[in-house]
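For what it's worth, this note's numbering labels the leading residue of the sequence shown as 1, then goes sequentially.
From the three backbone atoms N, C-alpha and C, an ideal C-beta is built for every residue, glycine too.
The structure displayed is predicted, hence computed values, not measured ones.
Following: one structure in structure tokens, then a few remarks.
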Amino acid sequence: MDLLQTLLVYMSLVFATSVQTAPQPSVIPVTPDYSSAYAQETPTPTPPATPVPTINMTPNPAYKTLQVGDKGAEVRKMQEKLQEYGYYEGEIDGAYGNQSRRAVEEFQYMHGLTVDGIAGRHTLTVLYESNEIRPPRKDNSATPTPEAQLALAITAPPATTPSPKPAGTPIPVWTSTPVPTHTPAPTAVPLPVEEMTGYTIAVNGTSIQAKAYHQGENVYLPVLSVLNAAGINVISSSSVEMDEYAFAAGQNLIRFTHTENQQGDPVDLQVYRNDEPQLVPDRSLYRAQDVLYMPAKSLESMTGLICTVEDTQNRISITGAE
1 MDLLQTLLVY MSLVFATSVQ TAPQPSVIPV TPDYSSAYAQ ETPTPTPPAT PVPTINMTPN
61 PAYKTLQVGD KGAEVRKMQE KLQEYGYYEG EIDGAYGNQS RRAVEEFQYM HGLTVDGIAG
121 RHTLTVLYES NEIRPPRKDN SATPTPEAQL ALAITAPPAT TPSPKPAGTP IPVWTSTPVP
181 THTPAPTAVP LPVEEMTGYT IAVNGTSIQA KAYHQGENVY LPVLSVLNAA GINVISSSSV
241 EMDEYAFAAG QNLIRFTHTE NQQGDPVDLQ VYRNDEPQLV PDRSLYRAQD VLYMPAKSLE
301 SMTGLICTVE DTQNRISITG AE
């Protein structure tokens with residue numbers, strides 16, 4: 001019995017010693033998750049641009065079309081009215097120059113008219129008679145200028161990736177100043193090309209069997225029919241690159257060409273006098289039933305013919321140059 005008690009005491013001492021010298025449980029370090037601190041911001045959708053609404057008014061035939069180069073009391077009256085509404089800032093001199101043209105273009109744009117810088121009857125009717133005149137864009141804070149829209153202020157984060165911080169240290173979050181969104185200026189919706197129903201075309205007093213079309217104030221005439229009726233013989237040629245027409249006008253050789261777009265419509269009118277390029281008021285063209293139509297003002301510039309729209313008689317009169 002003494003030997004058994006001695007063994008029990010010995011085993012109790014060994015067990016107590018092993019418990020006291022056992023290592024403490026190790027603490028497993030936890031790596032903090034910093035992904036939420038660098039989450040990307042969701043971009044704000046850009047609202048769609050709102051087109052300029054058109055002011056529809058019946059053109060007053062009492063107004064005469066004004067354009068660059070014109071002078072006189074009618075131009076002075078137009079300048080005074082444009083200046084009254086804040087569109088014209090130049091001298092009231094009665095001379096239709098580039099400054100007047102730019103003022104007319106701005107006025108046309110803000111009222112949904114065809115922007116061509118020519119003060120036709122439709123433009124002048126809105127200018128003189130409309131009670132819904134809108135201010136120019138420079139005075140309208142709702143439509144900032146393109147230069148102001150391109151001004152950006154960006155605070156970017158540094159190029160180096162921040163090192164993980166010990167637990168308990170605040171994590172810096174990089175922020176950026178919102179980038180102003182560039183919103184393009186609204187574009188006026190082009191007017192449709194429509195037939196001038198009921199109108200006749202008379203060349204030097206003789207009516208011809210042909211139609212006329214218009215797009216707003218722009219009148220399109222059948223160029224080859226008008227030239228033939230005026231006694232002008234036209235030679236034409238066609239190729240893959242372009243269509244070309246030529247005729248003699250006094251001692252000069254006049255040549256005009258055009259190409260076609262992907263839809264097969266005639267575009268890019270070019271006029272030459274003795275192979276010298278000429279300025280053209282309007283380079284647009286129109287084709288209907290294989291007939292080529294040219295703006296009346298471009299036909300006048302090219303040939304010297306005078307085209308007059310007589311609304312009271314539903315007639316377009318074309319006469320020789322004075």
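Classify S207: buried if its beta carbon has 16 or more other beta carbons within 10 angstroms, exposed otherwise. With fewer than 16 other CB atoms across the displayed protein chains lying within 10 angstroms of its CB, S207 is exposed.
Whole angstroms is fine: what's the gap from A212's alpha carbon to H258's? One C-alpha to the other measures close to 20 Å.
Starting from L292 and walking both ways along the beta strand (DSSP E), at which residues does that stretch end? Looking at the DSSP string, the run of the beta strand (DSSP E) that includes L292 is V291 to P295.
Round the Cβ separation of P59 and T114 to the nearest angstrom and send it over; I've been treating them as touching at under 8 Å. 12 Å between Cβ atoms; not a contact.
Rounded to the nearest angstrom, what separates V193 and N314 at their Cα positions? If you take the alpha carbons of V193 and N314, they lie about 18 Å apart.
Does the distance from the CB of D311 to the CB of P295 come in under 8 Å? Going by C-beta atoms, D311 is not nearer than 8 Å to P295.
Would you kindly report the start and end of the unbroken alpha helix (DSSP H) that includes H214? No alpha helix (DSSP H) holds H214; the beta strand (DSSP E) holding it covers Y213 to Q215.
Rounded separation between V68 and N204 - CA only: Each residue's alpha carbon lies about 27 Å from the other.
Whole-angstrom distance between Y63 and R121, CA atom to CA atom: About 5 Å.
Between E260 and V271, which are expected to be in contact by the criterion C-beta below 8 Å, what is the C-beta distance as a whole number of angstroms? So it is not a contact: roughly 17 Å between Cβ atoms.
Residue range of the unbroken beta strand (DSSP E) whose run includes T58: Where T58 is concerned, there is no enclosing beta strand (DSSP E), given that its DSSP letter is neither H nor E.
Could you please give the first and the last residue of the uninterrupted beta strand (DSSP E) stretch that includes S236? For S236, the enclosing beta strand (DSSP E) covers residues I235 to S238.
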